[in-house]
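Asker: For the sequence shown, the residue numbers in mature numbering (1 follows the signal peptide of the UniProt record, and there is no 0) are -21 to -1, 1 to 439.
The beta carbon of each residue, even a glycine, is placed where N, CA and C say it ideally should be.
Source: prediction; values computed, not measured.
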Amino acid sequence: MKKLLMSLIVFATILTPQAEAGYREIVLEKLEFFYIDNPGNAFPGYAATEINKLKISRGDTINNPLWTNPDNDGLQALLEDLLREPSRGGDARLQRVVATVLAITSKKVRIFLYHDNANSAHHATLPIYMPGNGTYAAGHGNAAWPSGNTYRNDPTYTGLFGIGSYFNTAGLNAGGWTTEKEKKVVFIHELVHTQLDLALESTLTTNMYGPDGGHTFWEMIPSRNSAFDEGIANAFAFRYYLPPAFSVTSALNADRKLYAEDIASCASATPHCLQHRLAADSVASAGGCSAGTDCYKIRDISADVILHNEMIPANVLYQVCAQFRSTSMLARATRRAKADMANSSNYTFMPLFKELTKAANNYHNRSNPSGTRTHGQFMPVAILDYYTGYKIDSKASLETVLGTTWSATDTNIDDYFSRHRATLTGFRPNATTWHVGNQLSRLSQHLHVRTPQGATASNK
């Protein structure tokens, strides 16, 4: 079944009419939905009703409070977008990205839908209610922030996911999300968390995400593996929709600030003490930050430290997908790297990055002129170099940042540093400007990952 699912993903990326049906069938098979109308009741007294997916997909009448209570309009719309044919109101792009995410494990996911508009606290004995973000729950009457967790060693299910009616129905000012597209970005992000059992720096205990226990798009958190965990979830979600404000290219152009929270136990440049590490690298605080935090200009931050910000790996992975025009490429590489990413001795980004360079090395652009050789293995390295502010200028610095050695079996990338890196930097309009089209896209054409306009294509 695993091979069949991944084959279907690959097949569906090629043939558009079959794609819509293929993606939707995967979503119908792999997602199970349960509705809980009264999450404040004691376990097992709550009403958990499994939702008939086929009825929703066909547009049949649903006799369930999920469908009849207007509080649940947002959840109802989400299920219609996921399960219905695009010609009947389904969201084809959402179905495509969700199906690709599900291909990482090829297992099922249980999704619990909560009627939490009543703003009553969930009962302590309710094991499947996940308020997720404590700050969000505290500010919105115990409403649930969408939250996904992974199971370990379950042969059928990879994880569970909780999402409340309040978040999906409320407007922005009331605690929802900015747009319907961005609400779906959150859904995809949390779905990715059900697929990956990553090794995290458990020795940091409460400081994995810093003193406040949360994370924002422009924060550097103590745990780089947690930053990657959030980053890879963002990367898949951005393949559905990338809000312009979340582009690191824009942040580099504006030289905006990233911040790190102060940690009382930090007294030296140990891995999670980011301010001390930056001071050791002679990177000065930019000032103007909130109390209890330090701010730094994004272009000044060391390459190894900036990867503690989730948006860096998120944009790197998103851009790899964009340049190779393939989300399934990321899903396949993630699938192959899963075991190594669960190894506590690894920087979890490292095994995935190696798998991506291998996949890129094997990439053949069938639209290229006959006889043209694609050098795709250089693109992931160039993209990482680009988003870390052009601070990875040698294989040695790449190995330092990723915490690994790079051998020929990981693909030969030496030529990037000796030759193609100068080509990439030469595409910059000036020394202070970042531009994806002028730099990454032009290098992609230079390496024959993309075909320049006007080229004569080979047989497809």
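If we call anything under 7 Å between Cβ atoms a contact, is MET290 one with VAL227?
Answerer: Taking 7 Å as the Cβ cut-off, MET290 and VAL227 qualify as a contacting pair.
Asker: Could you pull the start and end residues of the alpha helix (DSSP H) that LEU58 belongs to?
Answerer: Its alpha helix (DSSP H) spans residues 52 to 62.
Asker: ALA387: which of THR40, ASN409, LYS374 and ALA310 sits nearest, CA to CA?
Answerer: With distances taken between Cα atoms, ALA387 lies closest to LYS374.
Asker: For the candidate residues GLY193, MET187 and VAL88, whose alpha-carbon lies nearest to that of GLY141?
Answerer: Among GLY193, MET187 and VAL88, the Cα nearest to that of GLY141 belongs to VAL88.
Asker: In this structure, how does DSSP classify SER262 when only helix, strand and coil are distinguished?
Answerer: The sequence shown places Val at residue 262, not Ser. In the structure shown, VAL262 sits in coil (DSSP, three-state: anything other than H, G, I, E or B).
Asker: Between the alpha carbons of HIS287 and LYS162, how many angstroms are there, rounded?
Answerer: Straight-line Cα distance between these residues: approximately 25 Å.
Asker: Starting from the C-beta of PRO106, find all residues in its chain whose C-beta is less than 6 Å away, skip the five residues before and the five after it, and write them out in chain order.
Answerer: Caution applies to PRO106, whose pLDDT of 49 falls short of 50 and renders its modelled position unreliable; the value that the coordinates give is listed next. Around PRO106: no qualifying Cβ.
Asker: Roughly how many angstroms separate the alpha carbons of GLY127 and SER244, rounded to a whole number?
Answerer: GLY127 and SER244: Cα-Cα distance of roughly 30 Å.
Asker: Please go through the same chain and pick out, in chain order, the residues whose beta-carbon is closer than 6 Å to the beta-carbon of LYS9, but skip the five residues on each side of it.
Answerer: Correct list, in chain order: LEU81 and LYS87.
Asker: Hey, would you say GLN174 sits closer than 7 Å to ILE83, going by beta carbons?
Answerer: Against a cut-off of 7 Å, the Cβ pair of ILE83 and GLN174 comes out as a contact.
Asker: Report the partner residues of GLU240 according to the DSSP bridge assignment.
Answerer: Looking at the DSSP assignment, GLU240 forms a beta bridge with THR272.
Asker: Whole alpha helix (DSSP H) runs in the segment 376 to 428 with 4 or more residues, listed along the chain?
Answerer: Runs found: 400 to 405 and 421 to 425.
Asker: Can you tell me which residues form a DSSP beta bridge with GLY127?
Answerer: PHE140.
Asker: Run through the DSSP bridge pairs and tell me what PHE91 is partnered with.
Answerer: Answer is PHE13 and GLY141.
Asker: With H, G and I counted as helix, E and B as strand and the rest as coil, what does DSSP make of ASN132?
Answerer: Looking at ASN132 - three-state DSSP - the assignment turns out to be coil, as it is neither helix nor strand.
Asker: How about ASP95 and SER144: are their beta carbons less than 7 Å apart?
Answerer: Yes.
Asker: Looking at GLY362: is its Cβ nearer than 7 Å to the Cβ of GLN298?
Answerer: For the sequence presented, residue 362 should be read as Ile rather than Gly. Yes. Within cutoff.
Asker: Does the segment 382 to 400 come within contact of the segment 331 to 350, defined as at least 3 CB pairs closer than 8 Å?
Answerer: The segment 382 to 400 vs the segment 331 to 350: in contact.
Asker: Report yes if the CB atom of GLN74 is closer than 7 Å to the CB atom of ARG3, and no otherwise.
Answerer: Yes, they are a contact pair.
Asker: Counting pairs of Cβ atoms below 8 Å between the segment 386 to 404 and the segment 298 to 310, do you hit three or more?
Answerer: At 8 Å Cβ cutoff, the stretches do not touch.
Asker: At a cut of 8 Å, does the segment 271 to 287 reach the segment 229 to 241 through at least three beta carbon pairs?
Answerer: A contact exists between the segment 271 to 287 and the segment 229 to 241.
Asker: Skipping 5 residues on each side, what residues in its chain have a beta carbon closer than 7 Å to that of SER423?
Answerer: So the list reads GLN302, MET358 and ARG429, once near-sequence residues are dropped.
Asker: DSSP on ASN294, reduced to helix/strand/coil?
Answerer: Three-state DSSP puts ASN294 in a helix.
Asker: Measuring CB to CB, does ASN147 end up less than 7 Å from LEU62?
Answerer: The answer is no: Cβ separation not under 7 Å.
Asker: What does GLU198 pair with, by DSSP beta-bridge criteria?
Answerer: DSSP, once it has assigned bridges, lists TYR238 as partnering GLU198.
Asker: Please classify LEU57 as buried or exposed, where buried requires at least 16 other C-beta atoms within 10 Å of its C-beta.
Answerer: By the 10 Å Cβ count, LEU57 comes out buried.
Asker: Taking just the CA atoms, how far does ASN409 sit from PHE166?
Answerer: Cα-Cα distance, rounded: 38 Å.
Asker: Using a Cβ-Cβ cut-off of 6 Å (strictly less than) and excluding sequence neighbours within five positions of PRO44, which residues of its own chain qualify?
Answerer: Taken in chain order, the residues that qualify are ASP16.
Asker: Below 7 Å between beta carbons: does that hold for HIS427 and ASN344?
Answerer: Cβ atoms of HIS427 and ASN344: closer than 7 Å.
Asker: Could you name the residues of the same chain whose beta carbon sits closer than 6 Å to that of LEU183, not counting the 5 residues immediately before and after it, in chain order?
Answerer: Once the five neighbours on either side are set aside, the close Cβ partners of LEU183 are PRO201, SER202 and HIS251.
Asker: In the DSSP assignment, what are the bridge partners of ASN288?
Answerer: According to DSSP, ASN288 bridges with MET199.
Asker: Check for me: the beta strand (DSSP E) holding ALA27 runs from which residue to which?
Answerer: Element bounds for ALA27: 27 to 29.
Asker: Taking Cβ to Cβ, would you say residue 451 is nearer than 7 Å to LEU253?
Answerer: Because the chain here runs from -21 to 439, residue 451 falls outside it and cannot be looked at.
Asker: Tell me the residue span of the alpha helix (DSSP H) that contains LEU177.
Answerer: Careful: LEU177 lies outside any alpha helix (DSSP H) and carries neither H nor E.
Asker: So for ASN20, helix, strand or coil by DSSP?
Answerer: ASN20: coil per DSSP, three-state reduction.
Asker: Note down the Cα distance separating THR327 from ASN42, rounded to an integer number of angstroms.
Answerer: Cα-Cα distance, rounded: 45 Å.
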